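Peer 1: Per our numbering, residue 55 is the first one in the sequence shown, and the count goes up by one each step. The beta-carbon is built from N, C-alpha and C at its ideal position, and this holds for glycine as well. Every value quoted in this text rests on a predicted model; they were computed, and no experiment measured them.
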Amino acid sequence: MTEKKFILDTDIGDDIDDAYALDLALKKNLPLLGVTTVFRWTEERARIAKKMIALSGKSMPVYFGLKGSWGVEGHCCQWTDDLAKEAYAPDNENGAEEDAVDFIINSAKKYKKNLTILAIGPLTNIAAAIEKDPRAMKEIGGVIMMGGDYANQYVEWNIHCDVAAAKKVFSSDIEITAFGCEVTSKFVVSDEEQNFMLHMKGDAYKEYLSELTNFWLVSKLPGWKICLHDVMVVRQAYENYCDLREIYVHLETGSEYLYGMTADTTKFDLVDKRGEKKIRIAVNPDFKEMIKNEMNVLGFKED
Numbered sequence: 055m056t057e058k059k060f061i062l063d064t065d066i067g068d069d070i071d072d073a074y075a076l077d078l079a080l081k082k083n084l085p086l087l088g089v090t091t092v093f094r095w096t097e098e099r100a101r102i103a104k105k106m107i108a109l110s111g112k113s114m115p116v117y118f119g120l121k122g123s124w125g126v127e128g129h130c131c132q133w134t135d136d137l138a139k140e141a142y143a144p145d146n147e148n149g150a151e152e153d154a155v156d157f158i159i160n161s162a163k164k165y166k167k168n169l170t171i172l173a174i175g176p177l178t179n180i181a182a183a184i185e186k187d188p189r190a191m192k193e194i195g196g197v198i199m200m201g202g203d204y205a206n207q208y209v210e211w212n213i214h215c216d217v218a219a220a221k222k223v224f225s226s227d228i229e230i231t232a233f234g235c236e237v238t239s240k241f242v243v244s245d246e247e248q249n250f251m252l253h254m255k256g257d258a259y260k261e262y263l264s265e266l267t268n269f270w271l272v273s274k275l276p277g278w279k280i281c282l283h284d285v286m287v288v289r290q291a292y293e294n295y296c297d298l299r300e301i302y303v304h305l306e307t308g309s310e311y312l313y314g315m316t317a318d319t320t321k322f323d324l325v326d327k328r329g330e331k332k333i334r335i336a337v338n339p340d341f342k343e344m345i346k347n348e349m350n351v352l353g354f355k356e357d
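#1: Check residue 312 in the structure and name its three-state DSSP category.
#2: Based on DSSP bridge pairs, tell me the residues matched to residue 116.
#3: Please name the residue or residues paired with residue 177 in a DSSP beta bridge.
#4: When DSSP labels each residue in this structure, what does residue 151 get in the three-state scheme?
#5: Hey, residue 61 and residue 99 are a contact pair by Cβ (cut 8 Å); roughly how many whole angstroms apart?
#6: Reducing DSSP to helix, strand and coil, say where residue 58 ends up.
#7: Taking the Cβ atom as the reference point for each residue, do residue 122 and residue 216 lie within a distance shorter than 8 Å?
#8: Rank 125, 136, 347, 137 by C-alpha distance to the C-alpha of residue 288 and give the top, closest one.
#9: Can you have a look at residue 311 and say buried or exposed, based on whether 16 or more other CB atoms are within 10 angstroms of its CB?
#10: Kindly indicate which three-state DSSP category residue 54 falls into: helix, strand or coil?
#11: Taking only three categories from DSSP, how would you classify residue 214?
#12: Do you know how far the Cα of residue 146 is from the Cα of residue 106?
#13: Report the option in 231, 336, 169, 79 whose CA atom is closest to the CA atom of residue 57.
#14: So, under 8 Å CB-CB, residue 298 and residue 335 are touching, yes? Tell me the CB distance rounded to an integer number of Å.
#15: May I have the straight-line CA-CA distance separating residue 173 from residue 305, to the nearest angstrom?
#16: Only counting the same chain, and skipping five residues up and downstream in sequence, which positions put a Cβ closer than 8 Å to that of residue 55?
#17: Here's a check: name, in chain order, each residue in its chain whose Cβ is nearer than 6 Å to the Cβ of residue 231, leaving out the five neighbours to either side.
#18: Using three-state DSSP, classify residue 323 as helix, strand or coil.
#19: With DSSP collapsed to three states, give me the class of residue 297.
#20: Helix, strand or coil for residue 238, going by three-state DSSP, please let me know.
#21: For residue 63, does the three-state DSSP call read helix, strand or coil?
#22: What is the DSSP secondary structure of residue 231, reduced to helix, strand or coil?
#23: Ends of the alpha helix (DSSP H) at residue 344?
#24: Look at the alpha carbon of residue 278 and the alpha carbon of residue 97, and state the distance between them as a whole number of angstroms.
#25: Please report how far the alpha carbon of residue 262 lies from the alpha carbon of residue 352, in whole angstroms.
#26: Within this structure, are the beta carbons of residue 165 and residue 318 separated by less than 8 Å?
#27: Would you call the region 176-196 and the region 135-150 in contact, with 3 or more CB pairs under 8 Å?
#28: If you draw a straight line from the alpha carbon of residue 271 to that of residue 328, how long is it in whole angstroms?
#29: Along the chain, where does the beta strand (DSSP E) containing residue 200 start, and where does it finish?
#30: Using only CA atoms, which one of 108, 130, 150 lies nearest to residue 117?
#31: Let me know if residue 153 comes out buried or exposed under the rule of 16 or more other beta-carbons within 10 Å of its beta-carbon.
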């Protein structure tokens, strides 16, 4: 682990699992070089990450990245006015979203195979880095991502948000380990565990994590449950806890209704797979153990 380095590329500020993924990385002292944010309100996202890191007592650069082609009206659901403070300003040297892409590329050049990118949002920043410096990106150790669905006819959110970027990444020579929605969607906490996450006390960091959780819940329909998709990616970074299976994946871009679907074509014997990406996907995780592990990290104790 001492040689390995990671970058967390995240759309923190919408679904709450990104915040808990960052929380796990901080608590496990994962050797993060920094955080990059992606999709729509990237500067707001960076400020949320910056505040979490500051309250945890740690320090690392946070860069706001590419917004993509979607609109940016209003704020992300976890925004609060105090985030406008200078203390939470992102580290973009030139004040440009491309600084995040350059940070990824410069890290790739420096650390090569020792660098792994943890991609828990749309793949816009990573695709841009590949486009700008394919030679440097080819040398990294790989990408561990939350994205796609490799068992169902379903277009997963992170892929849907930038299908062209996903196509760029899936067409590259980078080694990919994917946690698909068919697996991550089962990582759902109980009512008791969710209530604990909504009311954590003890210090400013815990209270802020709970505050973010409450902001997220208010933005959802009644009865919505916390699903910790992205936490699975961070845990895999420090511990090979999940079985992996190698597949051929086809990213559908020619269909009006299935645009962005990730299909496992491994068993398609009439399909020419020469142009398709071979990746590893997560299979058969022990969700009971995973939830227990995450709740232990958060300090939850059953009655």
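Peer 2: From the atom records:
#1: The sequence position of residue 312 within the sequence shown is 258, counting from 1. Note: residue 312 maps to coil in three-state DSSP.
#2: Locating residue 116 in the sequence shown gives position 62, where the first residue counts as 1. BP columns for residue 116 point to 89.
#3: The residue given as residue 177 occupies position 123 in the sequence shown. Partner(s): none; residue 177 has no beta bridge.
#4: For the purposes of this step, residue 151 is identified with residue 97 of the sequence shown, where counting begins at 1. In this structure, residue 151 counts as coil in the three-state DSSP scheme.
#5: Translated into positions along the sequence shown, residue 61 becomes position 7. Translated into positions along the sequence shown, residue 99 becomes position 45. Going by Cβ atoms, the distance from residue 61 to residue 99 rounds to 15 Å, so no, they are not a contact pair.
#6: Taking the first residue of the sequence shown as position 1, residue 58 is located at position 4. Residue state, collapsed to three classes: coil.
#7: Here the question's residue 122 lines up with position 68 in the sequence shown. Here the question's residue 216 lines up with position 162 in the sequence shown. Result yes, Cβ atoms of residue 122 and residue 216 sit closer than 8 Å.
#8: The sequence position of residue 288 within the sequence shown is 234, counting from 1. If we check each option's Cα against that of residue 288, 347 comes out closest.
#9: Here residue 311 corresponds to residue number 257 of the sequence shown, with the count starting at 1. Label assigned to residue 311: exposed.
#10: Coverage of the chain is limited to positions 55 through 357, which leaves residue 54 absent and any answer about it impossible.
#11: Taking the sequence shown and counting its residues from 1, one reaches residue 214 at position 160. In this structure, residue 214 counts as helix in the three-state DSSP scheme.
#12: Residue 106 sits at position 52 when you count from the first residue of the sequence shown. Residue 146 sits at position 92 when you count from the first residue of the sequence shown. The straight-line gap separating the alpha-carbon atoms of residue 106 and residue 146 is approximately 18 Å.
#13: Start at 1 with the first residue of the sequence shown, and residue 57 comes out as number 3. Of the listed residues, the one whose Cα sits closest to residue 57 is 169.
#14: Position 244 of the sequence shown, counting from 1, holds the residue named residue 298. Position 281 of the sequence shown, counting from 1, holds the residue named residue 335. That belief holds up - the Cβ atoms of residue 298 and residue 335 are roughly 7 Å apart, short of 8 Å.
#15: In the sequence shown, the residue the question calls residue 173 occupies position 119. In the sequence shown, the residue the question calls residue 305 occupies position 251. Answer to the nearest angstrom: the Cα atoms are 17 Å apart.
#16: Counted from its first residue, the sequence shown places residue 55 at position 1. With a pLDDT of 47 at residue 55, under the threshold of 50, the predicted position of this residue should be treated as unreliable, though the coordinate-derived value follows. Counting only Cβ-Cβ distances below 8 Å, and skipping sequence neighbours, we find 85, 292.
#17: Indexing the sequence shown from 1 puts residue 231 at position 177. Contacts found: 198, 334.
#18: Residue 323 sits at position 269 when you count from the first residue of the sequence shown. Residue 323: coil per DSSP, three-state reduction.
#19: Taking the first residue of the sequence shown as 1, we reach residue 297 at position 243. Three-state result, residue 297: strand.
#20: The residue labelled residue 238 in the question sits at position 184 within the sequence shown. Three-state result, residue 238: helix.
#21: Taking the first residue of the sequence shown as 1, we reach residue 63 at position 9. Strand.
#22: By one-based count along the sequence shown, residue 231 stands at place 177. If DSSP states are grouped into helix, strand and coil, residue 231 belongs with the strands.
#23: Here residue 344 is taken as the residue at index 290 of the sequence shown, counted from 1. Per DSSP, residue 344 belongs to the alpha helix (DSSP H) from 341-352.
#24: Indexing the sequence shown from 1 puts residue 278 at position 224. Indexing the sequence shown from 1 puts residue 97 at position 43. Approximately 27 Å, taken between the alpha carbons.
#25: As a first step, residue 262 must be located in the sequence shown, where it is residue number 208. As a first step, residue 352 must be located in the sequence shown, where it is residue number 298. Using only the alpha carbons, I get a separation of about 13 Å.
#26: The residue given as residue 165 occupies position 111 in the sequence shown. The residue given as residue 318 occupies position 264 in the sequence shown. Not in contact: residue 165 and residue 318 (Cβ atoms no closer than 8 Å).
#27: Per the Cβ contact rule, the region 176-196 is not in contact with the region 135-150 (fewer than 3 Cβ pairs under 8 Å).
#28: As a position in the sequence shown, residue 271 is number 217, starting the count at 1. As a position in the sequence shown, residue 328 is number 274, starting the count at 1. Those two C-alpha atoms are separated by around 44 Å.
#29: Position 146 of the sequence shown, counting from 1, holds the residue named residue 200. It spans 196-200 - the beta strand (DSSP E) in which residue 200 sits, taken as one unbroken run.
#30: As a working mapping, residue 117 is identified with position 63 in the sequence shown. For residue 117, the nearest C-alpha among the options comes from 150.
#31: Taking the first residue of the sequence shown as position 1, residue 153 is located at position 99. A buried status is given to residue 153, since no fewer than 16 other beta-carbon atoms sit within 10 Å of its beta-carbon.
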